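Contents: one structure, followed by commentary.
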Ligand code: ADP
Ligand code: ZN
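As structure tokens, this is what we get:
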């Protein structure tokens, strides 16, 4: 018998299986989808068994499989074919697709073994004949009473007694696996649904055995989460399972607690802030059929549930649902659609601000549209005021306008809380010399360095480079280096000056890097330990604090000024999302948006909570410029450490594409937005097309052609989020 084994050869672009003999002693353990270790060249590698056969059609001498890594199947039949779909549609290697579907501990990679967490218990042994002292008596008594006790508890009574009892055989030690993540059960709570919510539930469940994609377009606070939970509960009664994707940053206590209070321990949770051990355990609980509901970030879409009844993607417009930093560059929505066909179950997309692509599809009838135009029980959406900072600057005020300061003071005097958004972390966005104008740039990247005051360092947000701030200009020698532009750190400092009696907590990448810190901030703000929550887009999504009555946007222009065709859309979404955090409780909410572009349509429509208005205008612009959803985009990036190489090859690539893609418009090659990152030069070519039969074959040929060129990397991103 032979097995076809897929291994990861990161240095080479080999994407195929190799045949290995199955030694006699492993025959009974061998299954398709398990991990094995194999000899490869002069090393031992881990790989997945993709097929078993009784013959091999290769002509080289076969080697034997060394051992099996685990006895359980890692890649079941569905995941095996899903991986092929991912590899085919993103033009990445099959092994990278499988690796992306699994937590680190289950990838086929040597050196990441995570042990199961074992708990040690004591039970009665064969009765020995000794007279017990008082402590020994107590331990034996406890075991007799409940059958077994935790060893560590017995040790607390007396560790020497435990040792003696074990030695004499009066007690025995056993061990059992326990899962790292604790899932306490809670009291069940649920609201009686409103009529609109009930109607949405019925509409979806009427098609529960079809692969329909629903879009629930509901304003913030319209009760979407309650709708999801009701649907999940009804499907549980049929024995069906559900996957719920939520944005990484809103995957906090809050939403998880809501689900846990309803579904207790039938839930598994998957997100990047868990330890590798916790992820390993959660994944196996799912694979073993011990849970019915999986809540997680992007990669939870691959959760190995076997009887899926519903896939829900909440805040579907979230850009982190697309993996774009490494291969395979897949989009969770595509995976959801594939699995919905496989399981004959619907997909629900939920959002107050769906992407243009999604809403356009819903309008065309490709998706089924469910509209919820009001908050639950007719609660009003918060009023939004736009403050023109051009006028404010003339008055020489601070970073906070008069309106914002007055509203904040009012909130504080009513013992209410405030959320402030500034979508830029650090102290200041750049450091420049007042004398000669020299600006500190990253030595590895084509980008200015951000000043972080708490560590007194200049840091690159692209490659992680860091250096101490030197007050002397390296260019002219004057002691004139100063900071310009604002970040969350600086706003925090200003807030403490402006409102010395209020308590401020900052939430951004810098304050949430440690495990548990994110949850801690949210918990303590929620319980009223702080008056102001200041942060980057992290504060905009999913949070539900009933006592927040004011949301302030310090500068709405940070995302508007990014040179990308989606910048209006992202700005509109961000403003609506953060506005939705205000007035969720009994009291009315208010929002103040500070901007230098008060007349920009993204800001005007956000002010009126007018999604349809924004959609209509933005669609016209996309139509004029030939952008999605009217055209598809694909970005080809040519990367090299050599500027010349990147430049020359990108021209050649463009020429080749031009010749072979006859129905496609080519833009570029041009230098990428950030031209150099970590000393790698980046040129990009943008492809625009409605239908291009030759696309995949042409791009595959291109990849194939440059595969063995070690100086160049060709990076392909279909339907990119950012260009
Ligand atoms: P969304 O997900 O659309 O933002 P949520 O489901 O979080 O909306 O609901 C918003 C708020 O309204 C929450 O505090 C929730 O507990 C409450 N809520 C939702 N549905 C009901 C209902 N039927 N009756 C009373 N309160 C509800
Ligand atoms: Zn850098």
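Residue numbers (the working numbering): 91 to 813. Beta carbons: idealized from backbone N, C-alpha and C, even for Gly. These figures come from a predicted structure and were not determined experimentally.
{"Asked": "Taking residue 640 as part of the beta strand (DSSP E), name the residues at either end of that continuous run.", "Found": "638-643"}
{"Asked": "Strictly by DSSP, which residues pair up with residue 135?", "Found": "128"}
{"Asked": "How about residue 672: is its Cβ closer than 7 Å to a heavy atom in the ligand ADP?", "Found": "no"}
{"Asked": "At the level of alpha carbons, what is the spacing between residue 629 and residue 676?", "Found": "21 Å"}
{"Asked": "DSSP three-state label for residue 536, please.", "Found": "coil"}
{"Asked": "As a quick exercise: from 578, 533, 564, pick the residue whose alpha carbon is nearest that of residue 544.", "Found": "578"}
{"Asked": "Got a sec? Which residues, its chain only, sit under 6 Å from residue 190 by beta carbon, not counting five neighbours each side?", "Found": "418"}
{"Asked": "Residue 97: which of 118, 114, 140, 91 sits nearest, CA to CA?", "Found": "140"}
{"Asked": "Does DSSP classify residue 621 as helix, strand or coil?", "Found": "coil"}
{"Asked": "DSSP state of residue 738, grouped into three classes?", "Found": "helix"}
{"Asked": "Do you know offhand how far residue 142's Cα is from residue 456's?", "Found": "41 Å"}
{"Asked": "Taking the alpha helix (DSSP H) that residue 180 belongs to, which residues open and close that run?", "Found": "167-180"}
{"Asked": "Report the option in 423, 666, 775, 205 whose CA atom is closest to the CA atom of residue 267.", "Found": "205"}
{"Asked": "Give me the DSSP bridge partner(s) of residue 780.", "Found": "Looking at the DSSP assignment, residue 780 forms no beta bridge with any residue, so it has no partner."}
{"Asked": "If you count every other CB in all the chains shown that lies within 10 Å of the CB of residue 454, and 16 or more means buried, which is it?", "Found": "exposed"}
{"Asked": "CB residue 238 to CB residue 212, shorter than 8 Å?", "Found": "yes"}
{"Asked": "For the ligand ADP, any of its heavy atoms closer than 7 Å to the Cβ of residue 310?", "Found": "yes"}
{"Asked": "Could you tell me whether the Cβ atoms of residue 360 and residue 406 are closer together than 8 Å?", "Found": "no"}
{"Asked": "For residue 91, does the three-state DSSP call read helix, strand or coil?", "Found": "coil"}
{"Asked": "Report yes or no: do three or more beta-carbon pairs, one from the region 678-694 and one from the region 602-614, lie closer than 8 Å?", "Found": "no"}
{"Asked": "Check for me: the alpha helix (DSSP H) holding residue 413 runs from which residue to which?", "Found": "That residue, residue 413, is in no alpha helix (DSSP H); it is neither H nor E in DSSP."}
{"Asked": "State the start and end residues of the unbroken beta strand (DSSP E) segment that holds residue 265.", "Found": "261-267"}
{"Asked": "Suppose the cutoff is 8 Å on Cβ atoms and the five residues either side in sequence are ignored; what does the same chain contact list for residue 506 look like?", "Found": "637, 638, 639, 640, 677"}
{"Asked": "If you reduce the DSSP assignment to three classes, tell me which class residue 755 lands in.", "Found": "strand"}
{"Asked": "Going by Cα to Cα distance, which pick from 723, 164, 180, 184 is closest to residue 173?", "Found": "184"}
{"Asked": "DSSP three-state label for residue 491, please.", "Found": "coil"}
{"Asked": "Determine, for residue 441, whether the minimum Cβ-Cβ distance to residues of chain C falls below 8 Å.", "Found": "Given the protein chain composition of this structure (a single chain), no chain C is represented."}
{"Asked": "Going by DSSP, what residue range makes up the beta strand (DSSP E) through residue 163?", "Found": "No beta strand (DSSP E) contains residue 163, which DSSP labels as neither H nor E."}
{"Asked": "Kindly indicate which three-state DSSP category residue 721 falls into: helix, strand or coil?", "Found": "coil"}
{"Asked": "Does any heavy atom of the ligand ADP sit closer than 7 Å to the C-beta of residue 634?", "Found": "yes"}
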